[in-house]
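To start, the structure itself, in structure tokens.
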Amino acid sequence: MRIDPNIVPNLLAELQQSQVSLNTALQQVSTGLSVNAPSDNPTAAAAMVQNTIESGDLDVYTQNVSTALSSVQTANSVLNSVVTSLTSAVSAGTEGANGTNSATDLQALANEVQGILTSVVTAANTSVSGSYLFGGTSTTTPYTANAASPAGYTYNGNTSSNSVAVGDQNSVQINLPGSQIFSNATNNVLGSLSSLVSALQSGGSLAIQTATASVDSALNYVGQQQVFYGNAETQLNSQETFLQQDKVTLSTQANSLIGVNMATAATNLTQAETDNSAALAAVAKVLPNSLLSYLAPPA
Amino acid sequence: MGGLSTALLIGVGGLDAAQGALDATSNNIANVNTPGYTREAAQFSELPQNQSNAQITGGGVMLDGLDSIRDELLNVQIQQQTSLQSAADTESASLQQVQTYFTSTGTDITSALAAFSSSLVQLSGNANSSAAQQGVLAAGQNLAAAFNNTANGLTNVQTETNRQIPDTVSQINSLTQQIAQLNGQLAQLPAGQDGGTTQDQLDQEVQKLAGLTNISVTKTNNGETIATGSGTALVEGNQSFNLQTAAGPSGLQQVLDSNGNNITSTIIGGSLGGALNIANQVIPGFLSQLNTLARQFATAFNSAQTAGTDSNGNAGAAFFTGTSNLSSAAAGISVGLTSAAQIAIGSGGSAGGNGNVANLSAALTSALPSGQSAAQSYASLVFNVGTAASNASTQSTAIGDNLTQLTTQQGSISAVNIDEETANLLRFQTAYEAASRVVSTVQVLGNAALNMGSGTSF
């Protein structure tokens, strides 16, 4: 059978094919990606849309966790100092109620408790990077002095709370409104301190005892509220661990979707180089050959 | 019985035959690289024998002519595959451009969606930070710009492809005119005679035409009758029928036959078929998916935004605008807010807090009316674009392999082989030399006969 004498187009097609393989192998090795355009693997390219969005979010979730943790930890330590202050107020009240104090002593104790009240108000007005820890979601100073109020201070915040997104469909409440911690109707920290100051100033042992008891009860109440912050801290810490695992999962997924196995890619590159030089060598060898090369030139 | 004159005639006939064969060989060698050339071979036959009494002598050789060696069936198959490949190549080239807009570049919709989503997460953790608020506004603007770029990119490819259509149609018309003319030349030849070079040219033009559109070719007494795939006549005998183009209602080109009937939908092959498919079907499909996504996403996000309260204490205003017209939603989407303070971060009618941020984030992850979330429906668009591009290039490769086989087969029949021609050259050179030796021998013999008896050598 006669064969196609036009080997040039076929040789060129082979050459082109080997160059395409070489380029693909080179691109995969240099980018580390097996999917450089959606057509390389439409399914993987589509799956990467979700993966890209999730891993972008993940980094910020991690930032949010650390911001939230610092806010919760600050709140917790503020409440610790409030508990310490209230404990001193209770000792001051107990001392004032034992009936052996002079009017000067009682006034000194009243001044001490007044100082405690001021420091608790300062604590309740703590802000972290512009947000008040105990103002609900309000941006105004939570407690301001108000002579008309029995406690001497009014609450300007609201009763809402902020929740921070720390995962898909997962957010953690990071604060309690000040009205719940410091000026609650049943266990009013500021009110009870204020009453104790008045009781110490007026000097009646019974009144001092009653006021001390209510400060003590407020002290216990604040201790209970601290549990919320402890829980939030635990929740945030475990979420941080989860996010780290999720990050590994997502990057593993991304790698298996569009990444390239370097060993395979390097082997492919070597193979493509060999194929390409073989094709080039074949072209160089075959093309110049014809019957004419073997005929004696015409005499 | 034959005399010397018979031998002379036979010798001259041999010279003619060898001369004709050398002509064919030299023409073959000269045209070795001419596209569409089919090799010629001299056809010899024996002349009738001479019978004189009981003696029979050969009558010599006759050169019947130079035949071009071709296989019409293969030509038809090659034309069909060429149409298919040309369509797949045109589609593949356009889709390669299209898919660059869906490749992860940092400014594509995937990256913009990811940045927008994480800016909202950031806002959730830092609701009062003006940097975080600005971040959401900027990421929203980038997302709108990514939608705009992708939609404009698709439209540009569509416009560019659409612009090629009138050019392709005018190429088709000029080819059909040439084919009709060649048909006319072929009709002059006696029936049954190979068309030779004219037929080569005709085949070559038909081949080019097949690359532009899908055609059907039938051989008739008037030469080749060529019609489009749906039967609209392009060439009949020495007459050609021009196609026309006209802008359709949506500004896209339509192809009309010579009577003005719209035959756009029947053109499926060749670069014209590929371009029509891209401009009229494929890109509009992607655009409509993108527009639906842009509009539904904007609506969902706006309703989350208007349910909240901005930093000034006002009810949230629409975040995204420009999507009211569905057919230009992706190209038109933009951010309607003028300052970051207008982002509805709070809830419950008062500023402060991050009560609404979770709702804004949820607009990105919850299902749109299409049944998929924004990311999912964009992912399915990426999948569609990727599949279309990959299919077109796979198809082009597969048809290319097929076409290579057919071309090789055609080459094995019709192409000039230099080695073969060189061997033939030697063969016909020898035959010519031998035939001329016959003539010179007869001459010597004739002289000898004329001088018989007059010589002095005896």
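Which chain is which? The protein sequence lines are B and G, in order. Be aware that the first sequence starts at 1, since it is given in the numbering used here, and climbs by one per residue. Be aware that the second sequence starts at 1001, since it is given in the numbering used here, and climbs by one per residue. C-beta atoms are modelled at their ideal positions from N, C-alpha and C, and glycine is treated no differently. All values reported here derive from a predicted model rather than from experimental measurement.
Exercise for the section: Have a look at G:Ser1288, G:Val1061, G:Ala1088, G:Asn1259 and flag the residue whose alpha-carbon is nearest the alpha-carbon of Gln1395 (chain G). Expected result: Residue numbering aside, residue 1395 (chain G) sits at position 395 when the second sequence is read from its first letter. For the residues G:Ser1288, G:Val1061, G:Ala1088, G:Asn1259, the minimum Cα distance to Gln1395 (chain G) belongs to G:Ala1088.
Problem - Identity of the residue in G:Asp1419, G:Asn1027, G:Leu1137, G:Ser1111 nearest Ser290 (chain B) by Cα - result: Numbered from its first residue, the first sequence carries residue 290 (chain B) at position 290. Cα-wise, what sits closest to Ser290 (chain B) is G:Asp1419.
Exercise for the section: Compute the Euclidean distance between the alpha carbons of Gly1036 (chain G) and Lys285 (chain B), then round it to the nearest angstrom. Expected result: Here the question's residue 1036 (chain G) lines up with position 36 in the second sequence. Here the question's residue 285 (chain B) lines up with position 285 in the first sequence. Answer to the nearest angstrom: the Cα atoms are 27 Å apart.
Problem - Nearest neighbour of Thr1220 (chain G), chosen from G:Val1235, G:Ser1327, G:Val1444, G:Leu1209 [CA to CA] - result: In the second sequence, counting from the first residue as 1, residue 1220 (chain G) sits at position 220. The candidate whose alpha carbon is nearest that of Thr1220 (chain G) is G:Val1235.
Practice task
Find out if the Cβ-Cβ distance for the pair Ser1045 (chain G), Asp1023 (chain G) is shorter than 8 Å.
Solution key: Here residue 1045 (chain G) corresponds to residue number 45 of the second sequence, with the count starting at 1. Here residue 1023 (chain G) corresponds to residue number 23 of the second sequence, with the count starting at 1. Contact flag unset, no.
Problem - the region 115 to 139 of chain B: positions lying closer than 9 Å to chain G by Cβ - result: So the list reads Ser129, Gly130, Ser131, Gly135, Gly136, Thr137, Ser138, Thr139, given in the order they occur along the chain.
Exercise for the section: From the DSSP output, read off the bridge partner residues of Glu145 (chain B). Expected result: Within the first sequence, numbered from 1, the residue matching residue 145 (chain B) stands at position 145. In the sequence on display, residue 145 (chain B) carries Ala and not Glu. According to DSSP, Ala145 (chain B) bridges with B:Tyr153.
Problem - Residues that Gln1256 (chain G) bridges to, as DSSP identifies them - result: The residue labelled residue 1256 (chain G) in the question sits at position 256 within the second sequence. The sequence given here has Leu at residue 1256 (chain G), not Gln. Partner(s): G:Gln1244, G:Asn1262.
Problem - Top-ranked residue by Cα proximity to Glu1421 (chain G), from G:Ala1021, G:Pro1190, G:Ala1115, G:Leu1175 - result: Taking the first residue of the second sequence as position 1, residue 1421 (chain G) is located at position 421. Nearest of G:Ala1021, G:Pro1190, G:Ala1115, G:Leu1175 to Glu1421 (chain G), Cα basis: G:Ala1021.
Problem - Val1335 (chain G) versus G:Gly1196, G:Leu1256, G:Thr1292, G:Phe1320, residue with shortest Cα-Cα distance - result: The residue labelled residue 1335 (chain G) in the question sits at position 335 within the second sequence. When each option's Cα is compared against that of Val1335 (chain G), the closest is G:Phe1320.
Problem - Given Gly135 (chain B) as reference, the closest of B:Ala147, B:Asn80, B:Thr154, B:Ser149 once Cα atoms are compared - result: Sequence index remark: in the first sequence, residue 135 (chain B) carries index 135 (1-based). Comparing Cα-Cα distances from Gly135 (chain B) to each of B:Ala147, B:Asn80, B:Thr154, B:Ser149, the minimum goes to B:Thr154.
Practice task
Give the straight-line distance between the Cα atoms of Leu1008 (chain G) and Asn1031 (chain G), rounded to the nearest whole angstrom.
Solution key: Walking along the second sequence from the start, residue 1008 (chain G) turns up at place 8. Walking along the second sequence from the start, residue 1031 (chain G) turns up at place 31. The alpha-carbon atoms of Leu1008 (chain G) and Asn1031 (chain G) are separated by roughly 34 Å.
Problem - Residues of the region 1291 to 1320 of chain G with Cβ closer than 8 Å to any Cβ of chain B, in chain order - result: none
Problem - Helix, strand or coil at Val1416 (chain G) according to DSSP, with G and I counted as helix - result: The sequence position of residue 1416 (chain G) within the second sequence is 416, counting from 1. Val1416 (chain G): coil per DSSP, three-state reduction.
Exercise for the section: State yes or no: is the beta carbon of Ile3 (chain B) nearer than 8 Å to at least one beta carbon in chain G? Expected result: Position 3 of the first sequence, counted from the start, is the residue given in the question as residue 3 (chain B). Yes, contact with chain G.
Practice task
Classify Gly1386 (chain G) as helix, strand or coil using the three-state DSSP reduction.
Solution key: The sequence position of residue 1386 (chain G) within the second sequence is 386, counting from 1. In this structure, Gly1386 (chain G) counts as helix in the three-state DSSP scheme.
Exercise for the section: Measure the alpha-carbon distance for Leu269 (chain B) versus Gly1386 (chain G) and round it to whole angstroms. Expected result: Taking the first sequence and counting its residues from 1, the one referred to as residue 269 (chain B) is at position 269. Taking the second sequence and counting its residues from 1, the one referred to as residue 1386 (chain G) is at position 386. C-alpha separation (whole angstroms): 25 Å.
Handout entry: Cross-chain neighbours of Tyr61 (chain B) in chain G, by beta carbon under 8 Å
Key = Sequence index remark: in the first sequence, residue 61 (chain B) carries index 61 (1-based). Those within 8 Å of Tyr61 (chain B) in chain G are Val1121.
Exercise for the section: Would you mind stating whether Val35 (chain B) and Ala1375 (chain G) have Cβ atoms separated by less than 8 Å? Expected result: Locating residue 35 (chain B) in the first sequence gives position 35, where the first residue counts as 1. Locating residue 1375 (chain G) in the second sequence gives position 375, where the first residue counts as 1. Not closer than 8 Å, so no.
Practice task
Compare the C-beta of Pro42 (chain B) with all C-beta atoms of chain G and state if any pair is closer than 8 Å.
Solution key: The residue labelled residue 42 (chain B) in the question sits at position 42 within the first sequence. Closer than 8 Å to some Cβ of chain G, the Cβ of Pro42 (chain B) qualifies, so yes.
Practice task
Anything in chain B within Cβ reach of Asp1419 (chain G), meaning under 7 Å, just list it in chain order.
Solution key: Residue mapping note: residue 1419 (chain G) aligns to position 419 of the second sequence, counting from 1. Ordered by position in chain B, the residues that pass the 7 Å Cβ test against Asp1419 (chain G) are Ser290, Leu291.
Practice task
Please name the residue, chosen from G:Thr1407, G:Ser1230, G:Ile1343, that lies closest to Ala1304 (chain G) on a Cα-to-Cα basis.
Solution key: Taking the first residue of the second sequence as 1, we reach residue 1304 (chain G) at position 304. Of the listed residues, the one whose Cα sits closest to Ala1304 (chain G) is G:Ile1343.
Practice task
State the Cα-Cα distance for the pair Met1001 (chain G) and Asn1075 (chain G), rounded to the nearest angstrom.
Solution key: Walking along the second sequence from the start, residue 1001 (chain G) turns up at place 1. Walking along the second sequence from the start, residue 1075 (chain G) turns up at place 75. Residue confidence for Met1001 (chain G) is low, a pLDDT of 42 falling below 50, so the modelled location carries little weight; the figure read from the coordinates is stated next. Rounded to the nearest angstrom, the two C-alpha atoms are 50 Å apart.
Exercise for the section: Would you please verify whether the beta carbon of Asn64 (chain B) is less than 8 Å from any beta carbon of chain G? Expected result: Along the first sequence, read from residue 1 onward, the residue named residue 64 (chain B) stands at position 64. Interface residue, yes.
Problem - Nearest candidate by alpha-carbon position, reference Gly1285 (chain G), set G:Ala1127, G:Ser1327, G:Leu1256 - result: As a first step, residue 1285 (chain G) must be located in the second sequence, where it is residue number 285. Out of G:Ala1127, G:Ser1327, G:Leu1256, G:Ser1327 has the C-alpha closest to the C-alpha of Gly1285 (chain G).
Exercise for the section: Return helix, strand or coil for Val35 (chain B), following the three-state DSSP convention. Expected result: Counting from 1 along the first sequence, the entry for residue 35 (chain B) is found at position 35. Val35 (chain B): coil per DSSP, three-state reduction.
Problem - Contacts that Ile1413 (chain G) makes with chain B (C-beta to C-beta distance below 9 Å) - result: The sequence position of residue 1413 (chain G) within the second sequence is 413, counting from 1. Result: Arg2, Asp4.
Problem - Unbroken beta strand (DSSP E) run spanning Gly1065 (chain G), endpoints - result: Working through the second sequence from its first residue, we reach residue 1065 (chain G) at position 65. Element bounds for Gly1065 (chain G): 1061 to 1068.
Problem - Proximal chain G residues relative to Leu11 (chain B), where beta-carbon distance stays under 7 Å - result: The count along the first sequence starts at 1 and reaches residue 11 (chain B) at position 11. At a C-beta separation below 7 Å, Leu11 (chain B) has no neighbours in chain G, since its nearest C-beta there lies roughly 12 Å away.
Practice task
Let me know if Tyr229 (chain B) comes out buried or exposed under the rule of 16 or more other beta-carbons within 10 Å of its beta-carbon.
Solution key: Position 229 of the first sequence, counting from 1, holds the residue named residue 229 (chain B). Its Cβ being crowded by 16 or more others within 10 Å, Tyr229 (chain B) is buried.
Practice task
For Asp168 (chain B), return the contacting residues in chain G, with the cut-off set at a CB-CB distance below 7 Å.
Solution key: In the first sequence, the residue the question calls residue 168 (chain B) occupies position 168. Neighbours of Asp168 (chain B) on chain G, chain order: Thr1365.
Exercise for the section: For Thr264 (chain B), count neighbouring Cβ atoms within 10 angstroms of its own Cβ and tell me buried if that reaches 16, exposed if not. Expected result: To locate residue 264 (chain B), count along the first sequence from 1; it is residue 264. Exposed.
Problem - Nearest-angstrom Cα separation, counted from Asp1194 (chain G) out to Thr1038 (chain G) - result: For this step, residue 1038 (chain G) is matched to residue 38 along the second sequence. For this step, residue 1194 (chain G) is matched to residue 194 along the second sequence. Cα-Cα distance, rounded: 12 Å.
Exercise for the section: Please name the residues in the region 22 to 47 of chain B whose beta-carbon is closer than 8 Å to at least one beta-carbon of chain G, in chain order. Expected result: Listed in sequence order: Asn36, Ala37, Pro38, Ser39, Asp40, Asn41, Pro42, Thr43, Ala45, Ala46, Ala47.
Exercise for the section: Compare the beta carbon distance of Ala1329 (chain G) and Ala1294 (chain G) with 8 Å and say whether it is the shorter of the two. Expected result: By 1-based counting over the second sequence, the position of residue 1329 (chain G) is 329. By 1-based counting over the second sequence, the position of residue 1294 (chain G) is 294. For Ala1329 (chain G) and Ala1294 (chain G), yes; Cβs fall inside 8 Å.
Handout entry: Whole-Å CB distance - Asn1238 (chain G) paired with Gly1184 (chain G), under 8 Å assumed
Key = Numbered from its first residue, the second sequence carries residue 1238 (chain G) at position 238. Numbered from its first residue, the second sequence carries residue 1184 (chain G) at position 184. The pair is a contact, with the Cβ atoms about 3 Å apart (cut-off 8 Å).
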